[in-house]
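Encoded as structure tokens, the structure appears first; notes follow it.
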Amino acid sequence: MPSHNGDHRRGGGGSNGGRGGGATYKAQRIIGSGAFGVVYEAKVQETGETVAIKKVFQDKRFKNRELPTLKELKHPNIVALKHAFHTAGETPNDLYLNLVMEYVPDNLYQVMK
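According to full-length UniProt numbering, numbering within the sequence shown proceeds without interruption in unit steps and concludes at 113.
Following this line, the structure appears as structure tokens:
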């Protein structure tokens, strides 16, 4: 999974953290951040495809519904979820959900201008 230094990690198609034939991602830069996580522009090392990876801290006190919701959504006007996987944080209890999504270089404001 990408970190601020752009290291390589493996991510699978599920929540297995890279087992089962996942791809390798390299973070290029941070393209967004918010209260719940950070979004990276990243490259799939095997194909060169540019993707966005949203890294979200999993707080055990709350149920995260984003992954099940994104798996259900299929619409040309909604950014598609490609893969999802979990990574460990710096402390033993930290867990992050990584959502690999198609990369959209512009935002709605830029398109509407």
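Here a beta-carbon is modelled for each residue, glycine too, at the ideal position from N, C-alpha and C.
Note that the structure is predicted; figures quoted are calculated from it, not measured.
Glu49 sits away from Val79, with the two beta carbons spaced by 8 Å or more. Closest in C-alpha terms to Asp59, from the list Tyr109, Asp94 and Leu99, comes Asp94. In chain order, Asp94 and Leu95 place their CB closer than 7 Å to the CB of Ala88, counting only its own chain and leaving out the 5 sequence neighbours on each side. Under DSSP, the beta-bridge partners assigned to Val100 are Ile53 and His83. With a threshold of 16 other beta carbon atoms within 10 Å, Ala35 falls short and is exposed. Contact between Ile53 and Leu99 holds, with the beta-carbon distance rounding to 7 Å and staying under 8 Å. Its chain contains Leu81 as the residues whose beta carbon lies nearer than 7 Å to that of Lys71, once the 5 sequence neighbours on both sides are disregarded; these appear in chain order. Taking C-beta separations shorter than 8 Å and ignoring five residues to either side along the sequence, the partners of Val104 in its chain run Ala52 and Val79, following chain order. Collapsing the DSSP output to three states places Thr91 in coil. Under DSSP, Arg61 takes part in no beta bridge, so it has no partner.
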